[in-house]
Each structure stands twice: as C-alpha cells, then as structure tokens.
Amino acid sequence: MSTTKQIPRAEWKDYFDRFTRERLGDDSPSAVTVEVISPTLGDQFEVSAVRLLGLTYDPKSQIFEVLVEDVDHLTFDPSEIWVLEGAAGFISTIEVVKADGGKEIIYVRRSGSLARRDELARGADEAGAGSAPT
Numbered sequence: 003m004s005t006t007k008q009i010p011r012a013e014w015k016d017y018f019d020r021f022t023r024e025r026l027g028d029d030s031p032s033a034v035t036v037e038v039i040s041p042t043l044g045d046q047f048e049v050s051a052v053r054l055l056g057l058t059y060d061p062k063s064q065i066f067e068v069l070v071e072d073v074d075h076l077t078f079d080p081s082e083i084w085v086l087e088g089a090a091g092f093i094s095t096i097e098v099v100k101a102d103g104g105k106e107i108i109y110v111r112r113s114g115s116l117a118r119r120d121e122l123a124r125g126a127d128e129a130g131a132g133s134a135p136t
C-alpha cells in the first residue's frame with residue numbers, strides 16, 4: 003500500500019541521499035518524468051522517461067536536484083516536498099511545492115535495463131541496413 007507524506011525540511015538531504023544510495027543502484031535503473039506546473043507558464047514536461055541517477059537536496063544553496071542522464075533538473079528554494087512511497091520504500095511520485103505556488107511533479111518508475119541513446123541509434127541503423135524500401 004502506498005502512503006503520501008510530507009517530508010520535513012530538516013530531513014530532505016538525508017531522505018533523498020538514502021533513497022539514491024539504497025534504491026538507484028546500477029543494477030536497478032529507474033526512469034523519471036518531470037512535470038512543471040507554473041501559475042504563469044502553465045503545465046509543461048521538462049524531461050520524460052529519462053534514466054534517473056539520483057535525488058538530492060543542498061540545504062546551503064536550498065536547491066532540490068533531480069540528477070538524470072545528460073541533464074539535471076534544479077528546483078530553487080522549495081517550500082514543501084511530498085512523496086508517494088510504496089510499501090518497500092520506493093518513491094513513485096514526488097511533489098515539490100514552490101513559494102510562487104508552482105509545483106513540480108516528479109514521476110519515478112522502476113524499469114529493467116534502460117538502453118542508452120547510442121545503443122538505440124546503433125540498433126535502428128542495423129535494423130535498417132539489410133531492409134529494402136517498400
């Protein structure tokens with residue numbers, strides 16, 4: 003059963019560092035989608051189904067960081083962080099509330115092996131090399 007809970011600000015760094023260390027090892031890749039909901043800009047997806055490398059919070063600079071393959075997503079000075087946590091402690095959704103009323107929703111999914119872009123491109127080239135146009 004999943005539980006929604008607010009993470010107290012004093013626990014953000016340790017909570018996300020622990021999740022990264024325990025749940026995001028090389029043998030268990032996860033993918034993430036980041037949705038930004040802004041009162042002025044509307045609803046937009048910043049990244050979709052990208053390999054998640056880690057989650058962290060820096061209390062000194064007050065930045066929540068989603069580390070993904072090829073790019074990082076930063077949230078400056080979040081006011082609240084809520085998580086939807088499964089029975090095994092895996093976070094499936096993170097809601098970061100910003101001071102301006104905006105929100106960032108981070109959807110995390112467990113997956114099998116994620117193919118790298120160069121592997122996908124090589125596979126597509128190989129598949130197309132022996133086929134004749136129709």
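If you read the sequence shown in my numbering, its first letter stands for residue 3, the second for the next number, and so on. Beta carbons: idealized from backbone N, C-alpha and C, even for Gly. Just so it is clear, the structure is predicted and the values come from calculations on it, not from any experiment.
{"Asked": "Between the Cα of Ile39 and the Cα atoms of Leu54, Glu82 and Gly103, which residue gives the shortest distance?", "Found": "Gly103"}
{"Asked": "So, does the region 58 to 76 touch the region 12 to 32, judging by three or more C-beta pairs under 8 Å?", "Found": "yes"}
{"Asked": "Between which residues of its own chain and Lys7 is the CB-CB distance below 8 Å, once the five residues before and five after are set aside?", "Found": "Trp84, Val85 and Glu87"}
{"Asked": "Can you give me the start and stop residues for the beta strand (DSSP E) that Asp60 sits inside?", "Found": "Gly44 to Asp60"}
{"Asked": "Determine the extent of the beta strand (DSSP E) in which Phe92 is found, giving its start and end residues.", "Found": "Element bounds for Phe92: n/a, residue is neither H nor E."}
{"Asked": "Can you tell me where the beta strand (DSSP E) with Glu67 in it begins and where it stops?", "Found": "Ile65 to Val70"}
{"Asked": "The beta strand (DSSP E) with Arg112 in it runs from where to where?", "Found": "Lys105 to Arg112"}
{"Asked": "If Phe92 sits next to Arg23, beta carbons under 8 Å apart, how far is it from one beta carbon to the other, in whole angstroms?", "Found": "Phe92 to Arg23, Cβ: 13 Å. No contact."}
{"Asked": "Compute the Euclidean distance between the alpha carbons of Ser50 and Glu97, then round it to the nearest angstrom.", "Found": "16 Å"}
{"Asked": "How many angstroms separate the CA atom of Thr77 from the CA atom of Ser4?", "Found": "25 Å"}
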